[in-house]
Amino acid sequence: MSIVVVGSVALDTVETPFGKRENALGGAATYFSTAASLYTQVQLVGVVGDDFPAEHVDFLASRGVDLKGLQRRPGQTFRWAGRYDYDNINNAQTLDTQLGLFASFDPQLPEDYRSADCVFLANIDPVLQLKVLEQVRQPKLKVLDSMNFWITSNKARLSEVISKVDVLLLNEGEALQYGETFSLVSAARKLLELGPKVVLAKKGEYGAALFADATYFFAPAYPLEKVVDPTGAGDTFAAGFLGYLAREGDYSLAAMKRAVIHGSTVASFTIEDYSIDRLRSLTMVDIERRVEHFKHFTDVQGEAVFETLRLQPAPSA
Ligand code: AMP
1034 MSIVVVGSVA LDTVETPFGK RENALGGAAT YFSTAASLYT QVQLVGVVGD DFPAEHVDFL
1094 ASRGVDLKGL QRRPGQTFRW AGRYDYDNIN NAQTLDTQLG LFASFDPQLP EDYRSADCVF
1154 LANIDPVLQL KVLEQVRQPK LKVLDSMNFW ITSNKARLSE VISKVDVLLL NEGEALQYGE
1214 TFSLVSAARK LLELGPKVVL AKKGEYGAAL FADATYFFAP AYPLEKVVDP TGAGDTFAAG
1274 FLGYLAREGD YSLAAMKRAV IHGSTVASFT IEDYSIDRLR SLTMVDIERR VEHFKHFTDV
1334 QGEAVFETLR LQPAPSA
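Under my numbering, the residues of the sequence shown are numbered 1034 to 1350, in order.
Here it is as structure tokens:
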């Protein structure tokens, strides 16, 4: 099973109350590919400039990510700078965005990408997301991510692309903004009416909620002692979710509920370190162990929550 991902490959500067990382490897497609490649074959579509360190390309290649669709052109790589504060750890404050080559990005899928089983449209201009959907043949699952910027600047095109996908992923605040409501249930209903079978609202440290016709499923986030940098949590949530479904070849609602647990698990590892650093050494054994913990701390019987927390490795920072 293969997943095509289209999105940013970036150099990020991130500030948290604990420190700052400059020009670190980032971008939605990078986070997604790094994590999803633990589950299945990933084919990446994006663009980088001649300022993009070769070691980052080598790293993605070492994970088995197919990079035929990564355009390398003269010019500047997409750069993003953001900050997280104690009072809003779930939402980055964007300090600077430099589109560079991303401003003229025209996603082109190599021939063998077009028959991929799954497509992940990471957060980019909905006009480009529509272009990608025109190029794929008959994927079994199309998943879309977006952000507040597109809700404000191009709601019509965003609505069009939402109507063409199976699963829509949004932060809770973005879903509320789209639905112009304070009720997540009401927002999810409006979004489902556009056509997707599933709306998945990410609630940061409070977990994720899945809405489908007559179905609601909620999963908490993994209780972590070590939180360093939330960047990429959303994209690696998508990677665990979609990676699990693609690996199992099962796109039923029941499988999607299990996939939400994988999404929450993978995201929990991402935020334990800056950039993709925690993901470099992450294994499927680590993921499966944490997935198993979820069963304990959502079980009302006994004292399993404390057992779960004891099983975590001792925080080193
Ligand atoms: P998230 O998973 O939501 O934390 O996504 C974080 C990544 O999104 C960062 O590594 C950024 O490089 C990337 N990013 C931030 N803003 C944008 C944007 N406007 N378009 C595409 N990618 C972005």
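Glycine is no exception: its CB is placed at the ideal position from the N, C-alpha and C atoms.
Rounded to the nearest angstrom, how far is the Cβ of residue i from that of residue j, given a contact under 8 Å?
i: A1062; j: V1039; result: 7 Å
i: V1037; j: V1169; result: 7 Å
i: R1112; j: G1133; result: 7 Å
i: V1293; j: A1241; result: 6 Å
i: D1099; j: L1077; result: 7 Å
i: F1435; j: V1075; result: This structure cannot settle anything about residue 1435, because the visible part of the chain is limited to 1034 through 1350.
i: R1311; j: M1034; result: So it is not a contact: roughly 25 Å between Cβ atoms.
i: V1260; j: D1306; result: Contact flag wrong, Cβ pair sits at about 10 Å.
i: P1140; j: K1164; result: 6 Å
i: K1173; j: D1150; result: 5 Å
i: N1181; j: E1213; result: No, N1181 and E1213 are not in contact; Cβ-Cβ is about 13 Å, not under 8 Å.
i: E1205; j: L1217; result: 6 Å
i: A1252; j: L1203; result: 16 Å between Cβ atoms; not a contact.
First and last residue of the beta strand (DSSP E) that includes residue i?
i: F1250; result: T1248 to A1252
i: T1046; result: A1043 to T1049
i: L1275; result: Run containing L1275: none in the beta strand (DSSP E); it sits in the alpha helix (DSSP H), A1266 to E1281.
i: L1233; result: V1231 to K1235
i: L1243; result: A1241 to A1245
i: V1261; result: Neither: V1261 is in no beta strand (DSSP E) and is coded neither H nor E.
i: G1059; result: G1052 to G1059
i: V1333; result: Taken as a continuous stretch (DSSP letters only), V1333 belongs to no beta strand (DSSP E), as it is neither H nor E.
i: S1285; result: S1285 -> no beta strand (DSSP E), and no H or E assigned at all.
i: S1035; result: S1035 to V1039
If we define contact as Cβ-Cβ less than 8 Å, is residue i a contact residue for chain C?
i: N1156; result: Considering every chain present, this structure includes no chain C. It has just one protein chain.
Who are the near neighbours of residue i in its chain, counting only those whose CB is closer than 6 Å to its CB and skipping five residues on each side?
i: T1331; result: none
i: G1296; result: F1270, G1273 and F1274
i: W1183; result: P1159 and L1191
i: A1221; result: V1232 and F1244
i: D1129; result: A1114
i: L1209; result: A1220
i: T1049; result: Y1117 and D1262
i: F1138; result: V1080
i: P1143; result: K1101 and G1102
i: A1043; result: G1059, G1060, F1111 and W1113
i: F1356; result: Any property of residue 1356 remains undetermined from this structure, which presents the chain solely from 1034 to 1350.
i: A1254; result: E1238, G1240 and S1297
i: L1315; result: F1302
i: L1166; result: K1197
i: V1152; result: V1037, V1169, P1172 and K1175
i: E1321; result: none
Which same chain residues, not among the five before or five after residue i, have their C-beta less than 7 Å away from its C-beta?
i: A1266; result: A1300, T1303 and I1304
i: P1229; result: I1195, V1198, D1199, V1200 and L1201
i: L1227; result: S1192, I1195 and S1196
i: T1185; result: none
i: E1340; result: Note that E1340 has pLDDT 49, beneath the 50 cutoff, so the model's placement of it is unreliable and no number is given.
i: Y1277; result: Y1072, R1291, A1292 and H1295
i: G1282; result: M1034
i: L1286; result: A1245 and T1248
i: Q1162; result: L1154, L1177 and V1194
i: F1250; result: L1243, K1290 and V1293
i: V1324; result: I1294, H1295 and T1298
i: V1333; result: none
Start and end of the alpha helix (DSSP H) containing residue i?
i: G1212; result: E1205 to G1212
i: K1223; result: L1217 to E1226
By Cβ distance, which residues of its chain are closer than 8 Å to residue i, with the 5 residues on each side in sequence left out?
i: D1045; result: R1054, N1056, A1057, L1058, G1059, G1060, R1112, W1113, A1114, G1115, T1264 and S1308
i: A982; result: In the structure as shown, the chain begins at 1034 and stops at 1350. Residue 982 is therefore absent and cannot be evaluated.
i: A1350; result: Low local confidence applies: a pLDDT of 46 at A1350 is under 50, so the model's placement there is unreliable, and no value is given.
i: I1122; result: G1237, E1238, V1260 and P1263
i: Q1126; result: G1115, R1116, Y1117 and D1118
i: K1188; result: Y1211
i: A1094; result: L1100
Problem set entry | Within the region 1141 to 1201, ranges of the alpha helix (DSSP H) (whole runs, at least 4 residues) | List check, alpha helix (DSSP H) in window: 1159 to 1168, 1181 to 1186 and 1188 to 1195.
Exercise. Can you list the alpha helix (DSSP H) stretches of 4 or more residues lying completely in the region 1295 to 1320, in chain order?
Worked result: Within the region 1295 to 1320, the complete alpha helix (DSSP H) segments of 4 residues or longer fall at 1310 to 1313, listed in chain order.
For this session: Counting only runs of 3+ residues fully inside the region 1066 to 1135, write out the beta strand (DSSP E) ranges in chain order.
Result: 1074 to 1081, 1099 to 1105, 1111 to 1116 and 1126 to 1131
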